[in-house]
Amino acid sequence: AQRVTQPEKLLSVFKGAPVELKCNYSYSGSPELFWYVQYSRQRLQLLLRHISRESIKGFTADLNKGETSFHLKKPFAQEEDSAMYYCALSGSSNTGKLIFGQGTTLQVKP
Amino acid sequence: KAGVTQTPRYLIKTRGQQVTLSCSPISGHRSVSWYQQTPGQGLQFLFEYFSETQRNKGNFPGRFSGRQFSNSRSEMNVSTLELGDSALYLCASSTNRGGVNSPLHFGNGTRLTVT
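Taken in sequence, the protein lines are chains A and B.
All the letters of the first sequence, read from the start, carry residue numbers 223 to 332 under the numbering used here.
All the letters of the second sequence, read from the start, carry residue numbers 12 to 126 under the numbering used here.
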């Protein structure tokens with residue numbers, strides 16, 4: 223079965239500390255993985271996708287097929303990073319169907 | 012460009028009634044997807060429409076249906092409402108160019124409360 227697991231409901235760190243939001247997936251194939259973010263009072267929006275292999279707002283994520291993981295990392299957290307982060311999986315290209323994890327709230331304290 | 016627009020923002024209905032939610036995608040986007048968001052189940056995929064055809068469907072009962080018009084606007088309908096249908100319903104649009112998963116652009120959602 224296709225499944226995305228984000229083990230932490232809440233991750234609280236201090237400003238300047240490294241951040242790692244965990245995401246594990248279950249899928250028998252070659253999925254596409256995404257991170258979506260929802261800042262307070264804003265819409266859910268794409269943060270990054272594994273096929274782009276880019277850094278957005280200092281965040282990176284590497285797809286590890288052996289460990290079936292797609293953890294989101296940032297070396298130095300900023301207060302404006304506080305938000306809800308969702309890991310999502312797509313089993314095929316050219317589709318609007320995503321399997322979302324339960325989400326992790328990142329709280330960056332001053 | 013205007014973002015994805017969902018109307019209404021809030022709805023209160025009673026059990027047994029039916030409801031219709033509307034979504035206007037970003038101009039030029041032909042794919043519209045619907046998601047249900049609840050505290051217990053999180054974000055769950057309902058269905059996707061592309062060029063007026065349902066392209067994908069999630070695991071929801073037949074009471075949940077949708078359609079897409081020629082201008083790409085979409086509606087979803089829930090009949091015989093149950094208390095458990097109370098949720099935030101999100102619509103997302105994308106270009107979905109062939110062979111590449113285009114980003115989903117989400118609306119603000121419609122908050123449905125069933126009493």
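Just so it is clear, CB atoms sit at the ideal spot from N, CA and C, and this is done for glycine as well.
Proximity winner among the options, relative to residue i (alpha-carbon distances)
i, options, result
"Phe61 of chain B", "B:Thr25, B:Gly39, B:Gly73, B:Lys12", "B:Gly39"
"Ser234 of chain A", "A:Arg225, A:Phe256, A:Gln300, A:Ile273", "A:Gln300"
"Leu285 of chain A", "A:Phe298, A:Ala305, A:Lys244", "A:Lys244"
"Gly118 of chain B", "A:Tyr247, A:Val226, A:Arg265", "A:Arg265"
"Ile273 of chain A", "A:Glu230, A:Trp257, A:Tyr249", "A:Trp257"
"Ala310 of chain A", "B:Thr64, B:Gln55, B:Gly120", "B:Gln55"
"Ala305 of chain A", "A:Ser250, A:Gln260, A:Gly288, A:Arg225", "A:Gln260"
"Asn82 of chain B", "B:Gln52, B:Thr64, B:Arg26, B:Leu22", "B:Thr64"
"Gln324 of chain A", "B:Thr106, B:Thr18, B:Gly51", "B:Gly51"
"Asn246 of chain A", "A:Lys279, A:Gly238, A:Lys287", "A:Lys287"
"Gly120 of chain B", "B:Thr106, B:Asn107, B:Glu86, B:Arg26", "B:Glu86"
Where residue i meets chain B, residues with beta-carbon distance less than 9 Å
i, result
"Lys319 of chain A", "Ser44, Phe56, Phe58, Glu59, Arg66, Asn67, Lys68, Gly69"
"Arg265 of chain A", "Gly14, Val15, Leu101, His116, Phe117, Gly118, Asn119, Gly120"
Residue-chain proximity (residue i, chain B), Cβ-Cβ < 9 Å
i, result
"Arg275 of chain A", "no"
"Arg271 of chain A", "yes"
"Tyr308 of chain A", "yes"
"Leu268 of chain A", "yes"
"Tyr258 of chain A", "yes"
Check whether residue i and residue j have beta carbons under 9 Å apart
i, j, result
"Ser212 of chain A", "Leu270 of chain A", "Absent from the model: residue 212 of chain A. The displayed extent of chain A is 223 to 332, so no value can be given."
"Thr326 of chain A", "Leu232 of chain A", "yes"
"Ser33 of chain B", "Arg84 of chain B", "yes"
"Gly69 of chain B", "Phe80 of chain B", "no"
"Leu94 of chain B", "Val125 of chain B", "yes"
"Thr16 of chain B", "Ser35 of chain B", "yes"
"Leu115 of chain B", "Leu328 of chain A", "no"
"Gln224 of chain A", "Ser248 of chain A", "yes"
"Gln28 of chain B", "Leu92 of chain B", "yes"
Beta-carbon neighbours of residue i, restricted to chain A and to distances below 8 Å
i, result
"Ser105 of chain B", "Gly318"
Below-9 Å beta-carbon distance, residue i vs any chain A residue
i, result
"Gly77 of chain B", "no"
For residue j and residue i, believed in contact at Cβ under 8 Å, the rounded distance
i, j, result
"Arg74 of chain B", "Ser97 of chain B", "Not really, about 14 Å apart at Cβ, beyond 8 Å."
"Ala283 of chain A", "Leu294 of chain A", "5 Å"
"Ser291 of chain A", "Glu254 of chain A", "Incorrect: roughly 15 Å between the Cβ atoms, too far for contact."
"Pro240 of chain A", "Lys331 of chain A", "Contact doesn't hold; Cβ gap of about 14 Å is too wide."
Under 7 Å by beta carbon: chain B residues contacting residue i
i, result
"Gln324 of chain A", "Gly53"
Cross-chain neighbours of residue i in chain B, by beta carbon under 8 Å
i, result
"Leu333 of chain A", "Within the shown structure, residues of chain A are numbered from 223 to 332, placing residue 333 of chain A beyond reach of any answer."
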